[in-house]
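Undergrad: I have a structure here, written as structure tokens, and I will follow up with some questions on it.
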Amino acid sequence: MDPTQYFENRVKHLEAQKADGKNPYPHKFEVQMSILEYIEKYGSLNNGDHLQDVTVSLAGRIMSKRSSSSMLVFYDMHGGGAKLQVMADASKSGMEEAEFSKFHSSVKRGDIVGVTGFPGLNSTILRFTIVASSQKIESWLVGRPRNPEAYILKDQETRYRQRYLDLMLNSEVQQIFKTRARIVSYIRKFLDNLDFLEVETPMMNVIAGGAAARPFVTHHNELNMRLFMRIAPELYLKELVVGGLDRVYEIGKTFRNEGIDLTHNPEFTTCEFYMAFADYDDLMSLTEEMLSGMVMELTGGYKIKYHANGLNNDPIEINFTPPFRRIDMVEELEKIAGLNISRDFSSDEANKYLVETCAKFDVKCPPPQTTARLLDKLVGHFLEETCVNPTFIINHPEIMSPLAKWHRLKPSLTERFELVVNKHELCDAYTELNDPVVQRQRFADQLKDRQSGDDEAMALDETFCTALEYGLPPTGGWGMGVDRLTMLLTDSQNIKEVLLFPAMKPQDEPPSAKGPTTAA
Amino acid sequence: MEAVNLRVWSLSSRPLKHLFRLASFSSSSARRPSSSPKLFFFRCSSSSSPSSAATASTPSASGRNRRSPSSTTTSDREAIRAIRSKKVEELRSKGLEPYAYKWERTHTANELQDIYKDLGNGEELTCESDRVSIAGRVVARRAFGKLAFLTLRDDSGSIQLYCEKERLSNEQFEHLKTLVDIGDILGANGTIKRTEKGELSVCVNSFAILTKSLLPLPDKYHGLTDVDKRYRQRYVDMIANPEVADVFRKRAKIVSEIRRTVEASGFVEVETPVLQGAAGGAEARPFITYHNSLGRDLYLRIATELHLKRMLVGGFEKVYEIGRIFRNEGISTRHNPEFTTIEMYEAYSDYESMMNMAEEIVTRCALAVNDKLTIEYQGTEICLERPWRRETMHNLVKEAIGVDFDDFSGNLKAAKEVTLTKLGSTLESKNKIAIESCPSIGHLVNEVFEVVVEPKLLQPTFVLDYPVEISPLAKPHRRRLGLTERFELFICGRELANAFSELTDPMDQRGRLEEQVRQHNEKRAAALSRGESNKGKASEDDDDDESYEVTLDDDFLTALEYGMPPASGMGLGIDRLVMLLTNSASIRDVIAFPILKAQQ
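From first to last, the protein sequence lines are chains A and B.
Those letters in the first sequence? Residues 1 to 520, by the UniProt record's numbering.
Those letters in the second sequence? Residues 1 to 600, by the UniProt record's numbering.
Here it is as structure tokens:
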């Protein structure tokens, strides 16, 4: 049927019902249990069993309807990640035949219904019998491959723009978001058990600090003040450690005014934690413990399957068995690419050498070609490519890490690591720089990069530097992208798969029920 | 205490001249352009500098005269910074790192207080198994020749360090005298002893400066009196007033308890967008930002409601989100432009169910942080014992002013006249104007409720059945025409939660939202024309409440057309709940870094 006509028919039907004094949008339906609970309770009934003295009330959305005659109608009812077959038999319904037929002809696919009946496999009494030959529709388990090409609703635009349709029609999708909730919940439990305190720091800042990225700008009317959306909670969290909260963490949104692609959304969720009296070695152990423990709890093993090379190729295996591999960034880069990089990273000589190296290996680095950016591109090209299983790339040069502490043994390097999984950075952590004099110097160096055209170099935050002058204890700090972790564990290659409502380009025409885009 | 301290440690022979040179050097270096001239609190006795110069000269002058012009105090602070920076160099020259990498501690202060609570006065445990290692900030110290007492504070509490010259190496005792200041972060190893005076102490065998502080802590006794500074530099506030950190500990506990409560009922946590194409779900001025690569304006969310309801359409039956909400409004003791709420939605239930949930959440949080259900808020005793009073808005208004608004059968003019007569001269003129401009009986009842009833609702009260005119997202009441199935929870005269049986009829919803937009645009046009005719005050009118744009979230209406199950939903302000349960007068006391006016 033409969608517009369908819409109009339904509206007419609703108006008729309202005119009849019936409310098609009732206030409440007493649901005794979820469909899943029902299945757990009555799923083991045998053919022919019926528990006529039991009355249950359930509710859900009708996803399919079949009539074997006008007197016998079968429905598939979905809800809460499960489905159930419901049978309505006129002879047992307590309704006149005409009334029964009229009622059931008005029930359409997509309607949300409440049903009352008794559990059974093939007989009926009330208006509906709830048939126990039902199954959970969780076809997908965490850590296993998914196949979005088999979805009922395939069109990506519609799936992301009208997520409710995606959730309604593609049963796996609910599981993705339930997995996401379990991941976040696991992180919280893990940190709470270590006596970390969950805190909230501002999302609107006078200075956008703690990372190198272009911020969103907004304006507070009454205060007539320009504000930036935070690009990282780092500086505030360290201020709290200065204030005496020895272990703090925050899980929350961070905002970057960047392009949208497979791994970037303008708002994303990170977890950052700060632990006084710990260093980056301790944090590597904690990272291994947290991630391997999480993968074990969610999947029952340490290995997950992931379609790293697209749905047309076989999924790869990613192994989270601890300990994770550790590679020293500069040493490993020199070894793999046969380089000899000056440890005086801020020298012109080092910069020249790296420019030439990038040219030699055809590694693109758009201007400004600062040494930090050149190194970053080379690491991406040579090292991250080798990191499929979780790998710590450690000891970044100071020029790449303005907030990390200088290495206690290796000059001009820092005590920093990045955890790379499936060639993408997942965590970034360091022994925090807490010498205020050195911190100011590093900010000054960043300013030089900024002046040479790198508008993502970090800005000085005076309040933060003052906080360091009051004394930040030795502290290990850690950040992780929650969306990226969720992508790995849900076999998602696009960040939009793990965001309920991802940012989308504006549409010329708003979505409309009059032109539904469902594939079914 | 500090006086003793200062005398005893006056060991340095650094000449006065030197200090002044440093001071003037630092202050003229203009490194701290933001240093406000009101920094008098930094001139504090806890500076404890070993330099006789610092103690004997400038500070005594400013010490007597705290509120005198502050150039002295600023340079004082700079002087201390200079002296301590010297110590940093000195430590490094001795091969000691003043910013250590890590410290292995065996216990926190509180754990030790707990483990050794039965240790008698004067008793000491020298057994190897009683050797401990702790770390924290030095917040006080006293010294007598060959003995020094330091108070070390960590996250959990504090403990005394008992430093005897004999137990430490010569060098270390010397360092303790010359290089350690109040404010430094120290790690210490030693054994356990309770002094004759009953103070549990760690007898220090060795210690290390883990972080050298460059700035003096604010005065312990006079505290941080500059309120603005307290919020601007929360870390100083927390060091000076340990109870401040307790508020944030309780806040974490409350949020955690809320999560536990709703998850125990099967609610799933989700995250919906902060940046939106249309800001819906409430009536408030949104923040606007611009996304470069999309080339479009985006609004910061003013509520999570419309996206969470989409989840119900998608088949989730119980969802919640704890997250930040943004409203471009003035700041006050009750308002911060960003604040935290929990919103929750449950399919197949109505607002009764949310009343139970609100009671459950608030009482469990109260027990989690206060262990009891009778609490005090700013001098008022509040009893949170369930069940809480449930009364309709109409009845509460009738009870307060003796007018039954059902009696007017829609005659707005008559209703206003009676109201104004009843309230008479007690009415403030701004309230009188508000009442006169009410466009409907529903608005009028609500206005009277807000003026007369709200401030008196001290004990927990569910106010039920709000007029439909002011409740665009709530379902019509199943029995009472013109009302909705909505409640707000009031405690201490403040709204804590807002909930409804959700409107699920897409036709009704579209009509109501369109009406809301229409009304808003009318007010906006009126505000704009006021601005036109009033050019002189144009800047004020920019801030008019109504001057922002409201757009319809069409996709939300589309979602309803696909069908949303009957449901109830609730929003609860977490900052306000934390204020209530921590007896905090201002929202700024429960937000670690509140937004403040720009500094001059």
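Ideal Cβ positions, reconstructed from N, Cα and C, are used throughout, including at glycine.
Note that the structure is predicted; figures quoted are calculated from it, not measured.
Using 8 Å as the threshold, is the C-beta distance between B:A598 and A:M204 below it?
TA: No. Outside cutoff.
Undergrad: Looking at B:V463: is its Cβ nearer than 8 Å to the Cβ of B:F487?
TA: In this structure, B:F487 lies closer than 8 Å to B:V463 by Cβ.
Undergrad: Nearest CA to the CA of B:K523: which residue from B:I361, B:E549 and B:T504?
TA: Of B:I361, B:E549 and B:T504, the residue nearest in Cα terms is B:E549.
Undergrad: Since I believe B:T289 is in contact with B:L298 (beta carbons under 8 Å), could you give me their beta-carbon distance rounded to a whole number of angstroms?
TA: Confirmed, Cβ separation roughly 5 Å.
Undergrad: On a Cα-Cα basis, can you pick out the residue from B:I325, B:N583 and B:Y466 that is closest to B:L572?
TA: With distances taken between Cα atoms, B:L572 lies closest to B:I325.
Undergrad: State the start and end residues of the unbroken beta strand (DSSP E) segment that holds A:C427.
TA: Where A:C427 is concerned, the enclosing beta strand (DSSP E) stretches over H424 to T431.
Undergrad: Which residue's Cα is closest to the Cα of B:G122: B:E199, B:D226, B:P460 and B:G511?
TA: With distances taken between Cα atoms, B:G122 lies closest to B:E199.
Undergrad: So with CB distances below 7 Å, who are the chain B contacts of A:E246?
TA: The sequence shown places Asp at residue 246 of chain A, not Glu. Those are D154 and D155, listed as they occur along chain B.
Undergrad: Is the Cβ-Cβ distance between A:R61 and A:G79 less than 8 Å?
TA: Against a cut-off of 8 Å, the Cβ pair of A:G79 and A:R61 comes out as a contact.
Undergrad: Per DSSP, what kind of secondary structure is A:S342 in: helix, strand or coil?
TA: If DSSP states are grouped into helix, strand and coil, A:S342 belongs with coil.
Undergrad: Do B:M564 and B:K229 have their C-beta atoms closer together than 8 Å?
TA: No.
Undergrad: Between B:S213 and chain A, is the shortest Cβ-Cβ distance under 8 Å, so that the two count as touching?
TA: By this cut-off, B:S213 is an interface position.
Undergrad: Report yes or no: do three or more beta-carbon pairs, one from the stretch 175 to 186 of chain A and one from the stretch 476 to 490 of chain A, lie closer than 8 Å?
TA: The stretch 175 to 186 of chain A is in contact with the stretch 476 to 490 of chain A.
Undergrad: What is the DSSP secondary structure of A:K108, reduced to helix, strand or coil?
TA: Looking at A:K108 - three-state DSSP - the assignment turns out to be coil, as it is neither helix nor strand.
Undergrad: Cα-Cα, which of A:M275, A:T55 and A:I39 is closest to A:Q85?
TA: Selected option, being the one with the closest Cα: A:I39.
Undergrad: Any C-beta of chain A within less than 7 Å: which residues of the stretch 454 to 472 of chain B qualify?
TA: Result list empty, no residue passes.
Undergrad: Would A:R109 pass as an interface residue toward chain B - the criterion being a Cβ-Cβ separation below 8 Å?
TA: No, A:R109 does not count as interfacial toward chain B.
Undergrad: Can you list the residues of chain B that A:L165 reaches, using a CB-CB cut of under 8 Å?
TA: Correct list: G314 and Y562.
Undergrad: Three or more C-beta pairs under 8 Å: does that hold for the stretch 311 to 328 of chain B against the stretch 168 to 183 of chain A?
TA: Short answer: they touch.
Undergrad: Counting only runs of 4+ residues fully inside the stretch 220 to 278 of chain A, write out the alpha helix (DSSP H) ranges in chain order.
TA: Whole alpha helix (DSSP H) segments, 4+ residues: 234 to 242.
Undergrad: Are any of the Cβ atoms in chain B nearer than 8 Å to that of A:N434?
TA: Output row for A:N434: interface = yes.
Undergrad: To be precise: take each residue of the stretch 406 to 420 of chain A, compare its Cβ to all Cβ atoms of chain B, and keep it if any distance is under 9 Å. Which residues remain?
TA: From the stretch 406 to 420 of chain A, only R408 and E415 have a Cβ closer than 9 Å to chain B.
Undergrad: Is A:L374 near B:A245, with beta carbons less than 8 Å apart?
TA: No, the pair does not count as a contact, with Cβ atoms beyond the cut-off.
Undergrad: State yes or no: is the beta carbon of B:V550 nearer than 8 Å to at least one beta carbon in chain A?
TA: So no, B:V550 is outside the interface.
Undergrad: Short of 6 Å in beta carbon distance, which residues of its chain neighbour A:K303, apart from the five on each side in sequence? Order them along the chain.
TA: Here the set comprises E317 and N319.
Undergrad: Let me check understanding here. Comparing Cα to Cα, which of A:K253, A:Y249, A:G243 and A:E288 lies closest to A:I231?
TA: Nearest of A:K253, A:Y249, A:G243 and A:E288 to A:I231, Cα basis: A:K253.
Undergrad: Could you work out which residues of chain B lie near A:S34, taking near to mean beta carbons separated by less than 7 Å?
TA: What A:S34 touches in chain B: E317.
Undergrad: Compute the distance between the beta-carbons of A:V56 and A:M33, then report whether it is under 8 Å.
TA: Cβ atoms of A:V56 and A:M33: closer than 8 Å.
Undergrad: Leaving out the 5 sequence neighbours to the left and right, which residues in its chain are closer than 6 Å to B:T126 when beta-carbon positions are compared?
TA: Hits under 6 Å: T191.
Undergrad: Compute the beta-carbon to beta-carbon distance between A:M95 and A:D76, rounded to the nearest angstrom, for a pair I have assumed lies under 8 Å.
TA: A:M95 to A:D76, Cβ: 22 Å. No contact.
Undergrad: Would you tell me roughly how many angstroms separate the C-alpha atoms of A:F196 and A:V248, rounded to the nearest one?
TA: Each residue's alpha carbon lies about 5 Å from the other.
Undergrad: What do you get for B:S29, buried or exposed, if any count of 16 or more other CB atoms within 10 angstroms of its CB means buried?
TA: In this prediction, B:S29 has a pLDDT of 36, which is less than 50 and means its spatial position is unreliable; nothing more can be read from the coordinates.
Undergrad: Might you give, ordered along the chain, the residues of its own chain that have their beta carbon closer than 6 Å to the beta carbon of B:E561, omitting 5 neighbours on each side?
TA: Cβ neighbours of B:E561 beyond the five flanking positions: P506.
Undergrad: For A:P145, I'd like the list of residues in its chain whose CB is within less than 8 Å of its CB, leaving aside the five on either flank, ordered along the chain.
TA: So the qualifying residues of the chain are K305, Y306, H307, P315 and D491.
Undergrad: Can we say the stretch 235 to 255 of chain B touches the stretch 211 to 218 of chain B, given the rule of at least three CB pairs closer than 8 Å?
TA: The stretch 235 to 255 of chain B is in contact with the stretch 211 to 218 of chain B.
Undergrad: Within a Cβ cutoff of 8 Å, which residues of the same chain sit near B:D465, ignoring the five residues on either side of it in sequence?
TA: For B:D465, where only same-chain residues beyond five positions count, the Cβ hits under 8 Å are T392, M393, H394, H477, R480, L483, T484, E485, R486 and F487.
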